[in-house]
Structures are given as structure tokens and as C-alpha cells.
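K.L.:
For the protein sequence lines, the chains are Y and B, in the order given.
Number 102 in our numbering belongs to position 102 of the first sequence; there are no gaps in the numbering.
To convert a position in the second sequence, counted from 1, into our numbering, add 1000.
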Amino acid sequence: MTMLRRFPKDYFILAAVAAALALLPLVFPLSEFQVSVAVFTLYWALLGTAWNIMGGYAGQFSFGHAAYFGLGAYASTVLLINYDLSPWIGMLVGAGLAGVFGLVTGFLTFRYGLKGPYFTLATFAFAEMLRLVSTELEFINTSIGLHIPLTEGDSWSALQFNETPLFFYYAILILMVGGILVNILIANNKLGYYLQAIREDEDAAASLGVNLLRYKTTAVVISAALSALGGSFFVQFFRFIDPSLAFGVSISIEILLRPIVGGMGTIWGPFIGAVFLTPLGEATRSFVRTPPEFLNSIEGRSGVDEMLFGIILILVILYMPDGILGAVQRITQRIKKLS
Amino acid sequence: MPKETRTRYIIFFALLILLVVAGLNWGAIQEWMALKGVVLRQAAVTGILVGSVLSLVAMGLTLIFGVLDIINFAHGALMTVGMYITFVLFDRYGVDPYLSILITVPALFGIGLVVQRLIIHPARNAPAHNQLLLTLGLAILIENFLLIIFTGTPRSIRLDYGRGLTAVGPLTIDFPIRLAGTTITMNKLAAFVFAMVLAVVLFYILQRTDLGKAIRATAQDKEGASLVGINVDRINLITFGLGTACVGAAASLVLPFLFVDPFAGNTFNITAFVIVVLGGMGSIPGALLGGLIVGLTQEMAVVFLPSSTKLLGVFIVFVLVLFFRPDGLFGSKS
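#1: Going by Cα to Cα distance, which pick from B/Phe1150, B/Leu1141, B/Leu1312, B/Ser1283 is closest to B/Met1059?
#2: Looking at the secondary structure, which residues open and close the alpha helix (DSSP H) in which B/Arg1178 lies?
#3: Report yes if the C-beta distance between Y/Leu175 and Y/Leu46 is below 7 Å; otherwise report no.
#4: How should Y/Met3 be labelled, buried or exposed, when 16 other C-beta atoms within 10 angstroms of its C-beta is the threshold for buried?
#5: For a quick check, are the C-beta atoms of B/Val1274 and B/Phe1318 less than 7 Å apart?
#6: Under 7 Å, do Y/Ile267 and Y/Ile184 count as touching if we go by C-beta distance?
#7: Following a CB-centred definition, is B/Val1038 positioned closer than 6 Å to any heavy atom of the ligand NAD?
#8: Chain B beta carbons: is any one of them nearer than 7 Å to that of Y/Gly116?
#9: List the whole-angstrom C-beta distance separating Y/Leu280 from Y/Val261, where the pair is believed to meet the contact cut-off of C-beta under 8 Å.
#10: Comparing alpha-carbon positions, which option in B/Arg1117, B/Phe1194, B/Pro1097 lies nearest B/Asp1160?
#11: Between the segment 1249-1256 of chain B and the segment 1176-1192 of chain B, can you find at least three pairs of beta-carbon atoms closer than 8 Å?
#12: Under 7 Å, Cβ to Cβ, is there at least one residue of chain Y near B/Leu1134?
#13: Roughly how far, in whole angstroms, is the beta-carbon of Y/Ser252 from the beta-carbon of Y/Gly64, given that I think they are within contact range, below 8 Å?
#14: Over the uninterrupted beta strand (DSSP E) stretch that includes B/Ala1167, give me the two end residues.
#15: Determine which residues of the segment 276-290 of chain Y have a Cβ less than 8 Å from any Cβ of chain B, and write them out in chain order.
#16: Should B/Gly1243 and B/Ile1064 be called a contact, given that it needs their Cβ atoms to be closer than 7 Å?
#17: Mind pulling the chain Y residues with CB within less than 8 Å of B/Leu1320?
#18: So which of Y/Ile298, Y/Ala75, Y/Met320 has the shortest CA-CA distance to B/Asn1144?
#19: If we define contact as Cβ-Cβ less than 7 Å, is Y/Tyr74 a contact residue for chain B?
#20: Taking the C-alpha atoms as reference points, what is the distance between B/Leu1040 and B/Ala1014?
#21: At a Cβ threshold of 7 Å, is B/His1121 touching chain Y?
#22: Compare the beta carbon distance of B/Ile1235 and B/Ile1215 with 7 Å and say whether it is the shorter of the two.
#23: When we look at the beta-carbon of Y/Val27 and count the other beta-carbons within 10 Å, is it buried (16 or more) or exposed?
#24: What residues of chain B sit near Y/Gly303, judged by a beta carbon separation below 7 Å?
#25: Bridge partners for B/Arg1155 per DSSP, in chain order?
#26: Buried or exposed: where does Y/Lys337 fall if 16 or more other Cβ atoms within 10 Å of its Cβ makes it buried?
#27: Rounded to whole angstroms, what's the CA-CA distance from B/Phe1324 to B/Leu1056? Just pull it up for me.
#28: According to DSSP, which residues form a beta bridge with Y/Asp154?
#29: Classify B/Phe1324 as helix, strand or coil using the three-state DSSP reduction.
#30: Run through DSSP, which three-state label would Y/Phe33 get?
#31: Where Y/Glu293 and B/Ile1101 are concerned, what is the direct C-alpha to C-alpha distance, given to the nearest angstrom?
#32: Would you mind sorting Y/Thr332 into buried or exposed? The rule is 16 or more other CB atoms within 10 Å of its CB.
#33: Along chain Y, in chain order, which residues have C-beta atoms closer than 8 Å to that of B/Ile1140?
#34: Go through its chain and collect everything with a Cβ distance to B/Leu1068's Cβ below 6 Å, but skip five positions before and after it.
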């Protein structure tokens, strides 16, 4: 019994999901387009999982995760270009940098007691300040942005796969599984219980002796570091970064979209949200590129996929406020009651 | 010593030290003023003029926050809708932007009613962050809808009057006005005058009419208001409409001197958040004054900060206010 309690079923689910995802391209060979959709799906799942630790578990609703994402993206890129350092090391440096940024901003905001909408607006302001400052900094090439130098062939140490893009899929799979593992560890640890207590009722948690400042800041630091990993990976895959790609509002929005649609405050919500939204977005984009004849007027117009996300967000909040996972749970409970 | 008094002493001594330092360097300051004086005066004038429009946007936002308790992320997107209405009216039908206020205000009022009824009202009991996400979803929807219709090309309108001698009612004014080395263009002066008039109208509605009384009562205490026979649902509806009507007017006022693209309202949305927090959430006079302060801040920031963007200064002020006076500069610390 104790063995089972030490190993909650989420670990087994994670192992099964990881194995299934690893085998997927071997069983069904994916086209180049499908590989990129799969890469983006797992990449958004990683970022959503990172956001979920702070926004979902701790209830500290962030509208500025682009700050951590962008720090990771720029850290690994600058180290690669200027010092020829492997992006894996750059990734860790970026995670450290984002962690420190999260520590400082988190400590300050919580120290001054910012809660609810005020906290959300503050996270937004920090991300925007980084964006505005980065457009002025010479060593990251101001608003023009940075390119990852072109390489040839595949290299795991340089995280560049020109011949076999499928390796990108395995790289992000490892990162995402790591992110979800961290999430499961937190959820089954004292930290996770404290964070949920804080989310449900801060004053009650504080009266029971939970150190609000310490645990909320811890959640921000972990969340920030994980987001930075996603940022570094993005640049390696996309090969380009500029201030609005790194710190823009749209990144912050996209990061929080998936955990909310999937079900925030749950381990699998961000992943489910990513699996649902990302292929949908990519499919819409390719649909607009070559629409059927009667819809010729929308050919090549940008914005259709984003508009769809806006509509989904509104519908989810109105009709499934606990996301897909919450809705599924409610339906299964109802079926159980009937039988 | 109580914390409040201590803070006051610190501020007092900081100002004193600043004054002494300024006195010791008086010569250098005079030299610098001679160099930067005109730039500073121009920044001050532009800041106040443009700030008045920011006030109008923020008054709408703070009204919605005060009564409905939601942070409206779609405020800027709705303003963009107003800007495109003004643009199309001018471009297609030659309607003067200042005249089109008569169309954008009722149009945005109507859009506000529909949005409130369809999207905001059903979620009135949802947690705060869910309501915030709803307005965010709405903003994404509106912006990208406009992107599909109008594409991302920035558009602007060019008035064929407002330069040289212009008849304004009984007066004839030579635009742009040159005053103490500064330049005041007709566009910005008109925006200022109209924005102030509309602010007074809004203030009058809130202070002197029965509707205004009902709105203020609802903002103070929902249950109490419904107990004395106020239909709170109806007040929520009308307030949201009034709030969006404010951005309708602001949209028509800025178009003569700004470009519009599908995301043009974002900057106004962000700035309005700053103003609302600065002036105290839900406070109309706070929003009015806050708008002028933020207008000044962003123009001054361009003079002092090595940044090509006006927003950085605004954000610095924002974070400082959030930390030190989260209830606004004029709010009581309760």
C-alpha cells in the first residue's frame, strides 16, 4: 500500500504517454509538416505545464510568461553566437536567469502584497518592460533580432537537425516529459499541497502557518525556469528571435491558452489543451493557405487561426470553466451515477 | 513611529536633499534648461493634449471596473473598432471625423450592450480571472476579425483643413498655434477640447441624473442597490455600454493624428490600465487626472530615457505605483 502511495498513478500514466509518443513516429511515419505540428504540440505542452505550476497550482495568474520564455530564448542564443556554447548549456543558463528574474519580480510583487488582478497586471508590465528594453540593447541586435548560425547535418550537442527534423521531436519530448515530471513531483509533495491551499484561500493558509511569500515565490521560480527551457528550444527550432517574438503579449497569451482550455491546476490539462489546440491552429493555417473555391476571399489572410482561438477561449470559459479535463470528469461522474 | 509618518519623513528629506543638490548645481541646470527647455515645454503641451484622450479611454475602463468588477482586456480592441468605423466613414463617405463622433458613440454603445449581454453577463458569477480571460478572448476575436477584413496595413486619414488660417466658430485661428516655442496642431487641440467636453458630460450623467445615481449606488454596493429597487443587471448592461461609448469617442478623436491597424487599440488598453491603477480603480476623477499625468509621463520619458518608445516610462511609473500605492495615488490605503 505504501509503495502505491509513494508512486501515484500519474507516474505510470506519464511513462505510458512518453512511450506512446516515442513510438508514434516509428509506427506511423510522419511527413515533414506533421513533424513540425507534433513538435509545436509538445513545445506548447511544456510551456503550458510551466505556466500551470504558477497559474494553476499556486493560483498566481500570470499574464507575462513571455518574460521567462524570452530570457531563455535570448540567453542560449547569445551564448551560442558569441561563445559558441552548446544550446543545452545555454538552456540551463537561461533557466537560471529566468529563475533569478522570477525570484526578484516574484519576491517584490508578493512582498508588496499584490494579489489577483493587480498581480496579473504586474506580470504583464514586467514582460512588456523587457520587450521595450530589449529593442534598445545593442548586444542582442536591438529590434532587428538574432539568427542562429546555419550548420550542416544533425548534431545533438548543437541541437540542430537539418537532415532529420524528427530528432527535434525527440528533444522536445524529453523536455516536456521532464516538465510534467516536475509538475507531478510538486503535486505530490508538501509544496503542491501548500500551493493549492494558497490558491483556495490565502488568508486561511497563512493562518495555518504556510509561509505565503516563500512558497508563492518558489512556484514562480520553478515555473520561470521551465518556461525558459521552452524559449531556448524555440530559437533552436525556429532559428530566429526578436524582441516581440520573445517578449510579446501574444506569447504570454498562447502560453496560458492551453492549460486553460485543457484544465488548469491539473497535471494533464496543459498537455490535453496543447494536443487539442495546436493541431487545430496548424490545420486552420494550412486551410487558409489553400481554401476551397467558395472561400477564395480568405486566401492568405492572416488572423483566421487566432480568431478561432479567441472564439474557443470564450466558449471554454462560458461552457467549460474547468477546461476539457473538468468537463470529461463531470460527464464520467454523471455516467457513474446513472449506472 | 507609524509607518505612514515615516514614509512622509523619508519623502520630505529626499525632496530636501534634491532641492539642495539642485541649488548647488543651479548654473548647470540653467544651462541644461536652455538646451532642453523648448523640448520639455513641447513634451508638456503634447502630453496634456494627448493625455486628455487617454483620460477618456481610462474613464470608460474605470467605470466598467467600478461597477462590473472586471478588468476589460477588450477595451482597446473595441477602440480599434471605433477607429475603423471612423476611417471607413471618412474614406468612403467623406464624413468628418469630429462629426462621426455622433455615429461612433452610439455604435460602440450598442456593441457594448451586445457584448455585455452575450459574453460578460453569463459569466457574472465566475472567478475574476475567468472574466479577464473572456475579455481577452474577445480582444483576440475582434483584433483578428479586423485583421482578416482590413489586413495589417496601417491606415490614416488626412484632413483638408487645420493648417493655416481656420475659422473656428466666430474666431479665426492660425494653425498650428505657436506658443512659447511650442507648436499646437489643430488635431491635438480639437482632441483635447472634445475629450474634455465629453468628460464633463460623462461626469454630469454620473453625478446629476437618476441613471448616474443608480450606477454609483451599484458600484458601491450591489445588494444594497437591488434592495432599494435598482435593477442591477440593467445597470451593469448600461454601464458597459457607456464605458465602450467612451472609447468610441476617443477613437474618432485620435484618428486625425494616428495610424490605425488591427492592433492599434492595444497601446491605449495598456496605458488605460496604468491610468486606472494610478487614479484608483473605479475612480472617475482619478482617471481624468491620471490620464493627464500619464500623458505627461510618456512624453517626458522620451526626453529623459534613451528609448524610442513612450511606453517604457509609463511601465516604470506603473510598477512603482503598483508597489507603493496599489489603491491609486488619490485612493485611501484601506
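The C-beta atom is built at its ideal place from N, Cα and C for all residues, glycine as well.
P.N.:
From the atom records:
#1: Along the second sequence, read from residue 1 onward, the residue named residue 1059 of chain B stands at position 59. Comparing alpha-carbon positions, the option among B/Phe1150, B/Leu1141, B/Leu1312, B/Ser1283 lying closest to B/Met1059 turns out to be B/Ser1283.
#2: As a working mapping, residue 1178 of chain B is identified with position 178 in the second sequence. Here B/Arg1178 belongs to no alpha helix (DSSP H); instead the beta strand (DSSP E) covers 1177-1179.
#3: For the purposes of this step, residue 175 of chain Y is identified with residue 175 of the first sequence, where counting begins at 1. For the purposes of this step, residue 46 of chain Y is identified with residue 46 of the first sequence, where counting begins at 1. By the CB criterion at 7 Å, Y/Leu175 and Y/Leu46 fall inside the cutoff.
#4: As a first step, residue 3 of chain Y is located in the first sequence; it is residue number 3 there, counting from the start. Here Y/Met3 scores only 48 on pLDDT, less than 50, and its place in the model should not be relied on; the value that follows carries that caveat. Y/Met3 comes out exposed.
#5: Translated into positions along the second sequence, residue 1274 of chain B becomes position 274. Translated into positions along the second sequence, residue 1318 of chain B becomes position 318. Taking C-beta atoms as the reference points, B/Val1274 and B/Phe1318 count as a pair closer than 7 Å.
#6: In the first sequence, the residue the question calls residue 267 of chain Y occupies position 267. In the first sequence, the residue the question calls residue 184 of chain Y occupies position 184. It is a contact, given that the beta carbons lie within the stated cut-off.
#7: For the structure depicted, the ligand NAD is absent and the ligand set is empty, with no information on it obtainable.
#8: Stepping through the first sequence from its first residue, residue 116 of chain Y is reached at position 116. Using beta-carbon distances, Y/Gly116 counts as an interface residue toward chain B, with a partner under 7 Å.
#9: Against the first sequence, residue 280 of chain Y aligns to sequence position 280. Against the first sequence, residue 261 of chain Y aligns to sequence position 261. Here Y/Leu280 is actually not in contact with Y/Val261; their C-beta atoms are around 10 Å apart, not less than 8 Å.
#10: Start at 1 with the first residue of the second sequence, and residue 1160 of chain B comes out as number 160. Out of B/Arg1117, B/Phe1194, B/Pro1097, B/Pro1097 has the C-alpha closest to the C-alpha of B/Asp1160.
#11: Verdict: yes, contact present.
#12: Translated into positions along the second sequence, residue 1134 of chain B becomes position 134. It does: the Cβ of B/Leu1134 has a partner Cβ on chain Y nearer than 7 Å.
#13: The sequence position of residue 252 of chain Y within the first sequence is 252, counting from 1. The sequence position of residue 64 of chain Y within the first sequence is 64, counting from 1. About 5 Å separates the beta carbons of Y/Ser252 and Y/Gly64, which is inside the 8 Å limit, making them a contact pair.
#14: Position 167 of the second sequence, counted from the start, is the residue given in the question as residue 1167 of chain B. Element bounds for B/Ala1167: 1164-1168.
#15: Close to chain B, meaning a Cβ-Cβ distance shorter than 8 Å, is no residue of the segment 276-290 of chain Y at all.
#16: Taking the second sequence and counting its residues from 1, the one referred to as residue 1243 of chain B is at position 243. Taking the second sequence and counting its residues from 1, the one referred to as residue 1064 of chain B is at position 64. B/Ile1064 sits close to B/Gly1243, with the two beta carbons spaced by under 7 Å.
#17: For the purposes of this step, residue 1320 of chain B is taken as residue 320 along the second sequence, with counting starting at 1. Neighbours of B/Leu1320 on chain Y: none; closest Cβ ~10 Å, over 8 Å.
#18: One-based indexing of the second sequence puts residue 1144 of chain B at position 144. Looking at the Cα atoms, Y/Ile298 is the closest of the given residues.
#19: Here residue 74 of chain Y corresponds to residue number 74 of the first sequence, with the count starting at 1. By this cut-off, Y/Tyr74 is not an interface position.
#20: As a working note, residue 1040 of chain B is residue 40 in the second sequence. As a working note, residue 1014 of chain B is residue 14 in the second sequence. Distance between the alpha carbons of B/Leu1040 and B/Ala1014: 24 Å.
#21: Walking along the second sequence from the start, residue 1121 of chain B turns up at place 121. Not one beta carbon of chain Y lies nearer than 7 Å to the beta carbon of B/His1121.
#22: For the purposes of this step, residue 1235 of chain B is taken as residue 235 along the second sequence, with counting starting at 1. For the purposes of this step, residue 1215 of chain B is taken as residue 215 along the second sequence, with counting starting at 1. Contact flag set, yes.
#23: Within the first sequence, the letter at position 27 stands for residue 27 of chain Y. Exposed: under 16 other Cβ atoms inside 10 Å.
#24: Locating residue 303 of chain Y in the first sequence gives position 303, where the first residue counts as 1. Contact annotation for Y/Gly303 against chain B: Asn1144, Leu1147, Ile1148 [CB-CB distance below 7 Å, chain order].
#25: Numbered from 1 along the second sequence, position 155 holds the residue referred to as residue 1155 of chain B. B/Arg1155 is bridged to B/Val1260.
#26: Looking up residue 337 of chain Y in the first sequence gives position 337. Counting other Cβ atoms within 10 Å of its Cβ, Y/Lys337 stays below 16 and is therefore classed as exposed.
#27: The count along the second sequence starts at 1 and reaches residue 1324 of chain B at position 324. The count along the second sequence starts at 1 and reaches residue 1056 of chain B at position 56. Near 25 Å, if we compare the C-alpha coordinates of B/Leu1056 and B/Phe1324.
#28: One-based indexing of the first sequence puts residue 154 of chain Y at position 154. When beta bridges are read from the DSSP output, Y/Asp154 appears opposite Y/Phe161.
#29: Looking up residue 1324 of chain B in the second sequence gives position 324. DSSP, read as helix, strand or coil, puts B/Phe1324 in helix.
#30: Mapped onto the first sequence, residue 33 of chain Y falls at position 33. Here DSSP, grouped into helix, strand and coil, assigns Y/Phe33 to helix.
#31: For the purposes of this step, residue 293 of chain Y is taken as the residue at position 293 of the first sequence. For the purposes of this step, residue 1101 of chain B is taken as the residue at position 101 of the second sequence. C-alpha of Y/Glu293 to C-alpha of B/Ile1101: approximately 40 Å in a straight line.
#32: One-based indexing of the first sequence puts residue 332 of chain Y at position 332. Burial state of Y/Thr332 is exposed, judged by a 10 Å Cβ sphere holding fewer than 16 other Cβ atoms.
#33: In the second sequence, counting from the first residue as 1, residue 1140 of chain B sits at position 140. Within chain Y, the residues near B/Ile1140 are Ile253, Glu306, Met307, Phe309, Gly310, Leu313.
#34: Mapped onto the second sequence, residue 1068 of chain B falls at position 68. Excluding the 5 residues flanking it on each side, B/Leu1068 has same chain C-beta neighbours closer than 6 Å at Asn1236, in chain order.
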